[in-house]
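Numbering (our numbering), first residue to last: 19 to 354.
Data block below; observations after.
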Amino acid sequence: MGLFGKFKNLGKKENQKSNTNKNIENVNLESTIKIQIETQKNKSQYNQNYIDTVFLDRVHNKPLGSSKKDYPRYFETDFFIDDPVSKHKKMIEDGYLEVASLEYLLDSFKVADLKNILSGYNLETSGKKAILINRIIDNIDNSVLYEKYKSNLTYVLTTKAIHFIAENHMYLELFNHKNYNIEPKEYEETLSTFDFEPSFNDVIWRILNERVLKYASKGDYGLVRNTYFNMYELRYEEKNYTDALQFLIFTLNYDLSGCGNNYIIDPYDLLLIPPFIAKQINKLSKYYDKRMLDKALLINLPFKYFSPDIFEEILNKILAGDEVNLEDYKKYANKK
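Here is the structure:
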């Protein structure tokens, strides 16, 4: 064999070795991904009752899907439900979901569609929706209707499912209030600290109060700010607009202080009055009381860019709906 032949064969061996390494790397990568997914599943913050409660609520009055594309993406990303179709079928088999009644199905139709059904059978088409539905059910073979509109069939909660969701309603509330970023375990642990049966909001409020104290003690003022904003959201949802405005002013106080997390003071040029905050303060201005400002100014922060008088001037402008340009106040700002 010539010298060139030796090099040629050597190249083949190196290529074979390279390809073998690539195959090993691909296998290792796939294994790593599978292990990571399983680890994530084991560390999932959601217990099975939480997952089942949200799943049932979201598939209620929906048809059985044909693929995962027919279901919310968070079923897979948050709940690690790899096959939601099978999960859906299992819920049906276990008696949590049943085919919707014909009346339920027809109620989802438009009045014009109901009249078309009636006219197709030479039946009277006058009357309100409920009357049209009853006329269809009373005069047309129900099995024929089920067969004709089977593509529209949905599955609804059974009595068993309704009771299950009622027992685990706090999980549904938590899911619907993901903005608070409260895990089921944290909620349950706080719930156990009450010596009476609290409402969902009672538990959330205690968690938020504890967070303010915890974050402030660590110098995480950005997180304190976000928690005060959560308190605004909760009070606003309760239609307690006076308290809601108070917590918006607390939030603004932190926004304009410059205090971030880990005792860091942000540069003045990074100060921002979020448009939503300004809009809501103006919207709730009729509930304003000077004592709200006084309470905000009593909050102990390691640094504030503005004196109480300047902060009050900015707040008054926002309450009045006037635009505030923070560049105009830079000359009044305290030095870091």
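For every residue, glycine included, the Cβ atom is placed at its ideal position computed from N, Cα and C.
All figures in this text were calculated on a predicted structure; none of them were measured in a lab.
| Item | Value |
| --- | --- |
| For Glu116 and Thr245, the rounded distance between their alpha carbons | 42 Å |
| Whole alpha helix (DSSP H) elements within the region 92-124, 4-residue minimum | 92-95 and 102-111 |
| Residues near Val129 in its chain [Cβ-Cβ closer than 6 Å; skip 5 each side] | Lys147 |
| Those residues which DSSP pairs with Leu175 across a bridge | Leu115 |
| Where Gln54 sits in the DSSP three-state scheme | Because Gln54 carries a pLDDT of 49, less than 50, the predicted location of this residue cannot be relied on, and no value is offered for it. |
| Reference Phe182, options Gly145, Val72, Tyr254 and Leu171, closest by Cα | Val72 |
| Euclidean distance between Cα positions of Ile295 and Ser303 | 12 Å |
| Ile158 (DSSP reduced to helix, strand or coil) | coil |
| Distance CB(Asn170)-CB(Leu123) smaller than 8 Å | yes |
| Helix, strand or coil at Lys80 [DSSP, three-state] | strand |
| Of the listed residues Lys301, Leu190 and Leu266, nearest to Arg76 (C-alpha basis) | Leu190 |
| Helix, strand or coil at Lys59 according to DSSP, with G and I counted as helix | With a pLDDT of 49 at Lys59, under the threshold of 50, the predicted position of this residue should be treated as unreliable, though the coordinate-derived value follows. Helix, per DSSP. |
| Residue environment, Lys105, which counts as buried when at least 16 other CB atoms sit within 10 Å | buried |
| Nearest to Gly237 (by Cα), restricted to the options Tyr92, Leu319, Tyr198 and Ile291 | Leu319 |
| DSSP three-state assignment for Ile151, whether helix, strand or coil | helix |
| Unbroken stretches of the alpha helix (DSSP H), 4 residues or longer, contained in the region 179-249 | 187-194, 202-209 and 218-235 |
| Alpha-carbon spacing of Glu251 relative to Asn79, whole angstroms | 30 Å |
| Sheet register partners of Ile283 (DSSP bridge) | Cys277 |
| Own chain residues within Cβ distance below 6 Å of Phe93, not counting five before or after | Ile99 and Pro102 |
| Test item: CB-CB of Tyr205 and Val221 under 8 Å | yes |
| Ile18: first and last residue of the uninterrupted alpha helix (DSSP H) it sits in | Residue 18 lies beyond the stretch modelled for the chain, which goes from 19 to 354, so this question has no answer here. |
| Unbroken alpha helix (DSSP H) run spanning Lys128, endpoints | No alpha helix (DSSP H) contains Lys128, which DSSP labels as neither H nor E. |
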